[in-house]
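Participant: Here it is: the structure, laid out below.
Chains as they are written, first to last, in this note's numbering: chain Y, 7 to 125; chain R, 6 to 234.
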């Protein structure tokens, strides 16, 4: 490998690394795309795809030492709840409240709906 | 990327050369007040005044990112719109008469964002194509119904066309691009252009330091409020 290719490689890695973090300091992955697909055509598949995006955002944010963006844990919790994975859903809602205390009122209401539903 | 127009050209249409420009602080003083500045935002269903049926969904799916990036806690739009749907609210105009305090009680938020899509025109002119989008944004306090932030804008986004040097190829390219245009980056761009005028929120590293930025067109700020009335 010549020096030039190494420099180019290094620069391109740098550019990709930077471009995946938004101006607000978050990693959003394919968020808008899988969410748009989900509202256009709600199905088991589009729901699973969006769930995968959310998991990827959480993993990538942890990897890059970033705060997980607002709403991601809550959305994941909501998808898990729809899938009857109530315990996992509750855990995600609690993580969201810990990260963003502003979400407390809203998520507590969702949580009370969940426990009503499982009774 | 299938979206070939790497260089998306945005033209913000200024009303005229003499348009009055304000700083963020002059335009939106409440956004800098310790007691009145919002932290959380509830985005209610979009009011779509255009014939582009898809525009609402496109805007809806691209809103969280710019407002969260600007430092606010945006209630998860996917969950919120499901709740509205369950209550029979699909379009924003159905709730336009409600006092915003209703949302404080039910969602625990300190502000509500009302969005109206006024224009969504796709133009296709043989060698070029673009889409003109007109939107207004009004952020209202849930404690006293006052307007915290507002902006109206019209953005023209180039959606492609070719530049190969062979006219026939270019015409085909333009037609293909128009049919397959990926509208998500366009919707993103429209939102981002408006959010530039919005003061940073709690989670932005420069919160409270952007009051001097001269980026607000007074006429655009006022127009958004007029249109929502």
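Backbone N, C-alpha and C fix where the C-beta goes; we use that ideal spot for every residue, glycine too.
Considering only residues of the stretch 19-93 of chain R, which uninterrupted beta strand (DSSP E) runs meet the minimum length of 3 residues and lie entirely inside it, listed in chain order?
Facilitator: DSSP runs (the beta strand (DSSP E)) wholly in the stretch 19-93 of chain R: 26-28 and 45-48.
Participant: Can you round the beta-carbon distance between residue 35 of chain R and residue 221 of chain R to whole angstroms, since I take them to be within the 8 Å contact cut?
Facilitator: Here the question's residue 35 of chain R lines up with position 30 in the second chain. Here the question's residue 221 of chain R lines up with position 216 in the second chain. No, residue 35 of chain R and residue 221 of chain R are not in contact; Cβ-Cβ is about 14 Å, not under 8 Å.
Participant: What three-state label does DSSP hand residue 214 of chain R in the structure shown?
Facilitator: Taking the first residue of the second chain as position 1, residue 214 of chain R is located at position 209. Residue 214 of chain R falls in the coil class under three-state DSSP.
Participant: Under 7 Å, Cβ to Cβ, is there at least one residue of chain Y near residue 117 of chain R?
Facilitator: For the purposes of this step, residue 117 of chain R is taken as residue 112 along the second chain, with counting starting at 1. No, residue 117 of chain R lies away from the interface with chain Y (no Cβ there is under 7 Å from its Cβ).
Participant: Return the residue from the list R:117, R:57, R:135 and R:44 that minimises the CA-CA distance to residue 155 of chain R.
Facilitator: Looking up residue 155 of chain R in the second chain gives position 150. Among R:117, R:57, R:135 and R:44, the Cα nearest to that of residue 155 of chain R is on R:117.
Participant: Return yes when the Cβ of residue 38 of chain Y is within less than 7 Å of the Cβ of residue 189 of chain R, no when it is not.
Facilitator: Here residue 189 of chain R is taken as the residue at index 184 of the second chain, counted from 1. Here residue 38 of chain Y is taken as the residue at index 32 of the first chain, counted from 1. Contact flag set, yes.
Participant: When you compare the CB of residue 84 of chain Y with every CB in chain R, is at least one pair closer than 7 Å?
Facilitator: Within the first chain, the letter at position 78 stands for residue 84 of chain Y. Output row for residue 84 of chain Y: interface = yes.
Participant: Please list, in chain order, the residues of the stretch 67-83 of chain Y that have any C-beta partner in chain R closer than 7 Å.
Facilitator: Cβ contacts with chain R come from 75, 76, 77, 80 and 81.
Participant: Closest to residue 192 of chain R by C-alpha separation, out of R:225, R:213, R:214 and R:126, would be which residue?
Facilitator: Here residue 192 of chain R refers to the residue found at position 187 of the second chain. When each option's Cα is compared against that of residue 192 of chain R, the closest is R:126.
Participant: Any idea which residues DSSP pairs residue 120 of chain R with across the strands?
Facilitator: The residue given as residue 120 of chain R occupies position 115 in the second chain. Paired residue(s): R:142.
Participant: Do the CB positions of residue 47 of chain R and residue 112 of chain R come within less than 7 Å of each other?
Facilitator: The residue you call residue 47 of chain R lines up with position 42 of the second chain. The residue you call residue 112 of chain R lines up with position 107 of the second chain. Yes; because the gap between Cβ atoms is below 7 Å, this pair is in contact.
Participant: Give the residues of chain Y in contact with residue 57 of chain R, contact being defined as C-beta atoms less than 9 Å apart.
Facilitator: Counting from 1 along the second chain, the entry for residue 57 of chain R is found at position 52. Correct list: empty, because the minimum Cβ distance to chain Y is about 14 Å.
Participant: Taking the C-alpha atoms as reference points, what is the distance between residue 1 of chain R and residue 85 of chain R?
Facilitator: In the structure displayed, chain R extends from 6 to 234; residue 1 of chain R sits before or after that span and is not available.
Participant: Taking only beta-carbon positions, decide if residue 4 of chain R is within less than 7 Å of chain Y.
Facilitator: Residue 4 of chain R is absent from the structure shown; chain R starts at 6 and stops at 234.
Participant: Can at least three beta-carbon pairs, one atom from the stretch 100-119 of chain Y and one from the stretch 47-61 of chain Y, be found at a separation below 8 Å?
Facilitator: As far as the Cβ criterion goes, the stretch 100-119 of chain Y does not touch the stretch 47-61 of chain Y, which means the pair count is below three.
Participant: Which chain Y residues are close to residue 45 of chain R, counting only those with a beta carbon under 7 Å from its beta carbon?
Facilitator: To locate residue 45 of chain R, count along the second chain from 1; it is residue 40. In chain order: 108.
Participant: Does residue 48 of chain Y have its Cβ less than 7 Å from a Cβ in chain R?
Facilitator: Here residue 48 of chain Y is taken as the residue at index 42 of the first chain, counted from 1. Chain R contact via Cβ: absent.
Participant: Give me the residue from R:67, R:78, R:57 and R:187 with the minimum Cα distance to residue 205 of chain R.
Facilitator: Here the question's residue 205 of chain R lines up with position 200 in the second chain. For residue 205 of chain R, the nearest C-alpha among the options comes from R:78.
Participant: Between R:212, R:95, R:96 and R:152, which has its C-alpha nearest residue 231 of chain R's C-alpha?
Facilitator: Position 226 of the second chain holds residue 231 of chain R. The residue with the shortest Cα to Cα distance from residue 231 of chain R is R:152.
Participant: If I follow the unbroken alpha helix (DSSP H) through residue 105 of chain Y, where does it start and stop?
Facilitator: Counting from 1 along the first chain, the entry for residue 105 of chain Y is found at position 99. From DSSP, the alpha helix (DSSP H) with residue 105 of chain Y extends over 92-105.
Participant: At a Cβ cut of 8 Å, what residues of the stretch 24-36 of chain Y count as close to chain A, listed as they run along the chain?
Facilitator: In summary, chain A is missing from the structure at hand, where the protein chains are Y and R.
Participant: By how many angstroms is the C-alpha of residue 144 of chain R removed from the C-alpha of residue 224 of chain R?
Facilitator: The residue labelled residue 224 of chain R in the question sits at position 219 within the second chain. The residue labelled residue 144 of chain R in the question sits at position 139 within the second chain. Going by the C-alpha atoms only, they are around 17 Å apart.
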